[in-house]
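Accompanying notes for the structure given below.
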Amino acid sequence: AQKVDLVEQANEPQLEELLAGIKCLNRIRNNIAHNLAIELTLDSIKAMADTKSFVVLRRELAKPNEPCSKPISVIESCSKHVGVVFESFSDPNSLSRIFAKALAEQQT
């Protein structure tokens, strides 16, 4: 929960958009820590699977096919996506930071 609090305080729109998915990942991790035999369903990963940027990315990466809808596949893909986003925010020279800054400056 403390790490999620840090994400909430970052005031970064891209991170805020991922927050529900991050909380869902955290909840699943906690459940697995207490019970290795949990059942993952589409309902249990809904917050992750409905994150707009993640949905768009998965669709594009899967083209011309549809992305796999198995819960474990969604969890693995979302974890990678969140990791990449976090990494890009930790590097001030990352392309995503540079593009985000340029776009923000254009809008003002």
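Every position in the sequence shown, counted from 1, becomes a number in our numbering once 340 is added. We put the CB at the ideal spot given by N, CA and C, even for glycine. Keep in mind it's a predicted model, so treat the numbers as computed, not measured.
Residue 403: not part of any alpha helix (DSSP H); DSSP gives it neither H nor E.
Note on residue 365: 16 or more other CB atoms within 10 angstroms of its CB, so buried under the neighbour-count rule. Nearest to residue 357 by C-alpha distance, out of 384, 390, 382, 369, is 390. Only buried fits residue 421, as 16 or more other CB atoms lie within 10 angstroms of its CB. A direct Cα-to-Cα measurement between residue 349 and residue 381 gives close to 30 angstroms. Measuring C-alpha to C-alpha distances from residue 413 to each of 347, 386, 363, 434 identifies 386 as the nearest. The Cβ neighbour count for residue 394, taken over all protein chains shown within 10 Å, is at least 16; the residue is labelled buried. With at least 16 other beta carbons inside 10 angstroms of its own, residue 418 counts as buried.
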